[in-house]
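A short write-up of the structure that comes next.
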Amino acid sequence: MHNNRTGGVAGPVAALINEFSKLPTIGPKTAARLVFYLLARSRQDAEALADAIIALKDRVRLCSRCFSITEEDPCEICTDPQRDVALLCVVAEAKDIYALERTSAYHGRYHVLGGLISPMDGIGPAQLRVAELIARIASEGCSEVIVATNPNAEGEATALYLSRLIAPSNVAVTRLAYGLPIGGDLDYADEVTLAKALEGRRSLA
Ligand SMILES: [Zn+2]
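Heads up: the sequence shown begins at 3 in this note's numbering, then just goes up one per residue.
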């Protein structure tokens with residue numbers, strides 16, 4: 003965004019419009035709408051928003067077991083005795099866990115890879131938490147690994163790689179069923195579609 007687009011408004015207004023414009027899906031118009039909305043709210047409301055943003059950076063860290071984001075380590079999901087330890091769902095990013103949890107259709111645990119295999123971007127298994135995944139499969143007694151990567155080239159390549167790697171270990175490897183929008187993001191899929199994709203998962207190994 004160019005500065006002249008916000009010319010004529012007070013400096014702090016222009017600055018916050020500029021910050022909001024950097025966020026995904028927020029264009030300059032929406033950014034301006036948010037800023038003028040906040041301007042009309044109380045100081046208390048503004049502080050609550052500012053504090054919540056700072057708390058993200060100060061209090062959120064990675065779970066040392068599943069590499070999801072958490073305040074307590076290990077995270078709530080890893081320490082939940084109600085979770086089925088036989089199921090381990092592999093996702094690219096922590097935000098995918100959020101999408102899958104919304105479905106209420108999954109009761110196992112997760113493992114966050116930290117990305118997907120993408121040779122063009124120089125990302126191979128060594129750049130992802132693959133070794134940690136293999137160690138967990140060996141030590142946590144899981145019987146099925148569900149690969150819940152996005153239905154795109156990188157997601158498929160990662161699923162294939164993992165299925166070959168895990169195949170010798172006598173653990174079933176499954177993949178989310180199609181029906182998910184091809185090339186789409188897991189976290190944009192609605193709950194029903196995602197729950198069905200989980201339910202209809204197919205064997206890879
Ligand atoms: Zn965890």
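In this text, a Cβ means the ideal position worked out from N, Cα and C, and glycines have one as well.
Looking at C-alpha atoms only, which residue of the options is the closest neighbour of residue i?
i: residue 14; options: 41, 30, 152 and 169; result: 41
i: residue 174; options: 16, 145 and 189; result: 145
i: residue 153; options: 94, 129, 46 and 169; result: 94
i: residue 169; options: 27, 48 and 139; result: 139
i: residue 131; options: 117, 17 and 35; result: 117
i: residue 125; options: 157, 43 and 51; result: 157
i: residue 115; options: 39, 49, 24 and 129; result: 129
i: residue 166; options: 52, 36, 100 and 206; result: 206
i: residue 90; options: 176, 46, 204 and 56; result: 176
i: residue 192; options: 204, 100 and 52; result: 100
i: residue 155; options: 171, 123, 51 and 172; result: 123
Helix, strand or coil: how does DSSP classify residue i here?
i: residue 146; result: strand
i: residue 54; result: helix
i: residue 90; result: strand
i: residue 128; result: helix
i: residue 64; result: strand
i: residue 28; result: coil
i: residue 175; result: strand
i: residue 119; result: coil
i: residue 194; result: helix
i: residue 151; result: coil
Rounded to whole angstroms, what's the CA-CA distance from residue i to residue j? Just pull it up for me.
i: residue 60; j: residue 69; result: 17 Å
i: residue 133; j: residue 73; result: 24 Å
i: residue 119; j: residue 34; result: 38 Å
i: residue 11; j: residue 97; result: 35 Å
i: residue 5; j: residue 22; result: Caution is warranted here: a pLDDT of 48 is assigned to residue 5, below 50, making its placement in the model unreliable, and the coordinate value is therefore given only provisionally. For residue 5 and residue 22, the distance between alpha carbons rounds to 14 Å.
i: residue 136; j: residue 189; result: 25 Å
i: residue 149; j: residue 26; result: 26 Å
i: residue 202; j: residue 187; result: 18 Å
i: residue 3; j: residue 29; result: Unreliable placement is indicated for residue 3, whose pLDDT of 47 sits below 50; the coordinate value is still reported in the next sentence. Cα to Cα, residue 3 sits roughly 9 Å from residue 29.
i: residue 77; j: residue 71; result: 8 Å
i: residue 80; j: residue 31; result: 41 Å
i: residue 17; j: residue 36; result: 13 Å
i: residue 8; j: residue 19; result: Because the pLDDT at residue 8 is just 49, under 50, the model does not fix this residue reliably, and the value given afterwards should be weighed accordingly. Using only the alpha carbons, I get a separation of about 8 Å.
i: residue 179; j: residue 48; result: 43 Å
i: residue 56; j: residue 171; result: 43 Å
Margin query: Pairs of beta-carbons, one from the region 49 to 69 and one from the region 160 to 168, closer than 8 Å: are there three or more?
Written below: no
**Item:** Inter-stretch contact (C-beta, 8 Å, three-pair minimum) for the region 83 to 93 and the region 107 to 114
**Value:** yes
query: Should the region 186 to 204 be called in touch with the region 99 to 107, which here means at least 3 C-beta pairs below 8 Å?
result: yes
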